[in-house]
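Single-structure report; data block below.
Number of protein chains: 2
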Amino acid sequence: MKNILIIGCGLIGSSLLRAIVKKKISKKIFIFEKSKTNILKIKKLKLPCIITSDFKKIIPKLDLIIFCTPMSEYEKIILKINRYLLPKTIITDVGSSKEIALTLIKKKLKKNISWVSSHPISGSEVSGPEFGHSSLFLSKWCILIKEQNSNRKHLTFLSKFWKKIGSKVVTMNAKRHDKIFSMTSHLPHLIAYNLVKTATDFEKQKKYDLIKFSAGGLRDFSRIAASNEIMWRDIFFNNQYNISKAIDLFIKNLKSFKKDINSKNNQSLIKKLVETKKVRKKIIKLKQDINKPDFGRN
Amino acid sequence: MKNILIIGCGLIGSSLLRAIVKKKISKKIFIFEKSKTNILKIKKLKLPCIITSDFKKIIPKLDLIIFCTPMSEYEKIILKINRYLLPKTIITDVGSSKEIALTLIKKKLKKNISWVSSHPISGSEVSGPEFGHSSLFLSKWCILIKEQNSNRKHLTFLSKFWKKIGSKVVTMNAKRHDKIFSMTSHLPHLIAYNLVKTATDFEKQKKYDLIKFSAGGLRDFSRIAASNEIMWRDIFFNNQYNISKAIDLFIKNLKSFKKDINSKNNQSLIKKLVETKKVRKKIIKLKQDINKPDFGRN
Chain A
39 MKNILIIGCG LIGSSLLRAI VKKKISKKIF IFEKSKTNIL KIKKLKLPCI
89 ITSDFKKIIP KLDLIIFCTP MSEYEKIILK INRYLLPKTI ITDVGSSKEI
139 ALTLIKKKLK KNISWVSSHP ISGSEVSGPE FGHSSLFLSK WCILIKEQNS
189 NRKHLTFLSK FWKKIGSKVV TMNAKRHDKI FSMTSHLPHL IAYNLVKTAT
239 DFEKQKKYDL IKFSAGGLRD FSRIAASNEI MWRDIFFNNQ YNISKAIDLF
289 IKNLKSFKKD INSKNNQSLI KKLVETKKVR KKIIKLKQDI NKPDFGRN
Chain B
39 MKNILIIGCG LIGSSLLRAI VKKKISKKIF IFEKSKTNIL KIKKLKLPCI
89 ITSDFKKIIP KLDLIIFCTP MSEYEKIILK INRYLLPKTI ITDVGSSKEI
139 ALTLIKKKLK KNISWVSSHP ISGSEVSGPE FGHSSLFLSK WCILIKEQNS
189 NRKHLTFLSK FWKKIGSKVV TMNAKRHDKI FSMTSHLPHL IAYNLVKTAT
239 DFEKQKKYDL IKFSAGGLRD FSRIAASNEI MWRDIFFNNQ YNISKAIDLF
289 IKNLKSFKKD INSKNNQSLI KKLVETKKVR KKIIKLKQDI NKPDFGRN
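These protein sequences, in sequence, are chains A and B. If you're matching positions, the first sequence starts at 39 in this note's numbering and goes up one per residue. If you're matching positions, the second sequence starts at 39 in this note's numbering and goes up one per residue.
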């Protein structure tokens, strides 16, 4: 490739930039970044890229555009770049929920322009270009969204691109994607936020100093609940329906746990606890985590 | 000290054994362990201890007895050792909930025998003597339960003991302990179990293969939900009242999150997400976790 444009150079954008450079995938990498703080950081880090907002000049020359901003930024940027886009331009994004975002994209995007959405399953609770690294996507799944009307040529191109980056690629439609990730990612994050909120409320109510004892479990959730609030608001709003369903199922199960505890239903409780252990084994077998005990980080 | 007896030599018991040896706290360490598998492991690991069940012979000579079994084992063992206990014998345990356990202990224990309860805030999702290590308690909190009628001499002795092991000691009564840890430890574990159960139920319902995509959040919860089921059943049953209250507060807050998401209440949602981030900073300041981003473990 000759020219790639990355829109938004935070954790994901800057990691992509670094990976593209490392794997020598493109001759030039252009960055559009609206945050002045991030631009200063990019310059200080000497990331090998050309920072630009001259869409008129660069877009016709581009092989690939990757949106790495929060999803709520998509519309504004599409409206800025629309007039320069060509049918040959390959466009993707890395957003974490798809159905609602893709409906909006389709509505806003100029006719005859394709958009094939990506979702690399990698990230962290930190934000900003200073935390990015070239191996963020290595051996991680990248979901490519394939609908009946998806541009097959662009899909093949993106599949090759993510594989070069080091990801394992799988395709599915937006509906299925949003259902799966409502459960494996969106609900867990919401639960982490909610747990930390609940502990804070309790601390205020009881005037107990409890955060200092958070090493017993709360600590791990607080890390997840420190993730970027704009990104997560966008995900929650954009996958509203599935997350709402997931919350209902979660509350139903939690009430059942409560019943077991209050009625001292040994058999039912032990069965639940043992079943979840099996899932852990499956997760390790599927290389989604390592089989190394965690005693807290020092 | 000359003689310590550790009852139950799993992760915590074997870590205590190793720490006592390393810090040269006692000349001899006796181990009572009912599991034949664990006994074989202890022998194979050549842990420096004397495995025994001859309570009659050893108890009169002991300076300290530490219960490291699941709490549901306490009664049976107390009834076995009761007749040999002397008022000078210092007894403690490392159980994670206190009020109900201490009521039972008081009821079963011979008259004039003291029991001062401990709770070291350390552990892991793994069980068994092969995972123990001498630094498990290093710089971690250890709660000592102090009631109006607690034996002050034993309390002082145990405080010194835990400090020698490397822990930071704090005292509080059982009621306060159980309230605090219902929120910082018991609820987080229950939530982790419940999240994994909910994902499994969803996978069965939808026939989606979702565990393979668990790196987006679910993975971290599955680790916590792989903790020992007997230990956690005992904790849940023994801190029933507080956990039940904590579940109610958690569900109330989760419903409020759901409302924000479904009504797209931007202001309310962002406020919640930002507040939880502050807790993270507090946790790091209080040295309950390190300030290092997590990208998943490789």
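Even for Gly, the Cβ is constructed at its ideal location relative to N, Cα and C.
Contacts with chain B (Cβ-Cβ distance below 9 angstroms) from the stretch 232-249 of chain A involve Asn232, Leu233, Val234, Lys235, Thr236, Ala237, Thr238, Asp239, Phe240, Glu241, Gln243, Lys244, Tyr246, Asp247, Leu248 and Ile249, listed in chain order. Checking the DSSP bridge columns, you'll see Met109(B) has no partner listed. From the beta-carbon of Asn120(B), no residue of chain A is found nearer than 9 angstroms; the closest lies around 25 angstroms away. Judged by DSSP secondary structure, His157(B) falls within the beta strand (DSSP E) whose first and last residues are Ser156 to Pro158. Of all alpha-carbon atoms in Phe169(A), Asn280(A), Ala230(A) and Arg261(A), the one lying nearest the alpha-carbon of Lys217(A) is that of Asn280(A). Near chain B, meaning a CB-to-CB distance below 9 angstroms, the residues of the stretch 184-214 of chain A are Val208 and Arg214. For Cys87(A), no pairing in a beta bridge is given by DSSP.
Going by beta carbons, Ile88(A) and Thr127(A) fall outside the 8 angstroms limit. The residue among Ile289(A), Ala212(A) and Lys94(A) with its C-alpha nearest the C-alpha of Tyr231(B) is Ile289(A). Counting only unbroken stretches of 3 or more residues, the beta strand (DSSP E) elements lying wholly within the stretch 49-106 of chain B are 66-70 and 102-105, in sequence order.
Sequence-distant Cβ neighbours of Leu182(A) in its own chain, meaning closer than 7 angstroms and more than five residues away, are Val154, Ser156, Leu193, Leu196, Ser197, Val207 and Thr209.
Put simply, of Glu241(B), Ser53(B), Gln326(B) and Ala264(B) the residue whose alpha carbon is nearest the alpha carbon of Leu287(A) is Glu241(B). Classified as buried, Gln326(B) has 16 or more neighbouring CB atoms from the shown chains inside 10 Å of its CB. Here Ile143(B) is actually not in contact with Glu267(A); their C-beta atoms are around 46 angstroms apart, not less than 8 angstroms. Under the three-state reduction of DSSP output, Lys206(A) falls in the strand class. A check of alpha carbon separations from Ile159(B) across Gly254(A), Ala57(A), Glu313(A) and Phe275(A) identifies Gly254(A) as the nearest. In chain order, Ser152 and Val154 place their CB closer than 8 angstroms to the CB of Asn189(B), counting only its own chain and leaving out the 5 sequence neighbours on each side. Remark: three or more beta-carbon pairs, one from each stretch, lie closer than 8 angstroms, so the stretch 41-61 of chain A and the stretch 77-85 of chain A are flagged as touching.
Taking Asp239(B) as reference, the option from Ile285(A), Glu168(A) and Asp272(A) with the minimal CA-CA separation is Ile285(A). In this model, Ala264(B) and Leu174(A) are separated by some 26 angstroms (Cα to Cα). For Val312(B), the neighbours in chain A by C-beta distance under 8 angstroms run, in chain order, Glu267. For Asp247(B), there is no enclosing beta strand (DSSP E), as DSSP gives it neither H nor E.
The Cβ-Cβ distance between Ile119(B) and Phe93(B) falls below 8 angstroms. Taking the C-beta atoms as reference points, Leu124(B) is found nearer than 8 angstroms to Pro98(B).
In the structure shown, the three-state DSSP call for Asp216(B) is helix. Cα atoms of Lys316(A) and Thr90(A): separation of roughly 50 angstroms, rounded to the nearest angstrom. A direct Cα-Cα distance of roughly 19 angstroms separates Ser306(A) from Arg318(A). Of the candidates Asn329(B), Ser294(B), Lys323(B) and Phe274(B), Phe274(B) places its Cα closest to the Cα of Leu311(A). Buried is the label assigned to Asn276(A), since at least 16 other Cβ atoms lie within 10 Å of its Cβ. DSSP places Trp270(B) in the uninterrupted alpha helix (DSSP H) bounded by Glu267 to Asn276.
Sequence-distant partners of Ile69(A) (beyond 5 residues in either direction) whose C-beta falls short of 6 angstroms from its own C-beta, in its chain, are Ile44, Cys47, Cys87 and Ile89. Contact of Gly255(A) with chain B by beta-carbon distance below 7 angstroms involves Thr222, Ser223, Pro226, His227 and Ile262. Shown here for Leu176(A): same chain residues with a beta carbon closer than 7 angstroms to its own, the five before and five after excluded, namely Gly204 in chain order. DSSP places Thr130(A) in the uninterrupted beta strand (DSSP E) bounded by Ile128 to Asp131. Rounded to whole angstroms, the gap between the alpha carbons of Asn211(B) and Asn304(A) is 28 angstroms.
With respect to the 8 angstroms criterion, Ile63(B) and Lys213(B) are not classified as neighbours on the basis of their beta carbons.
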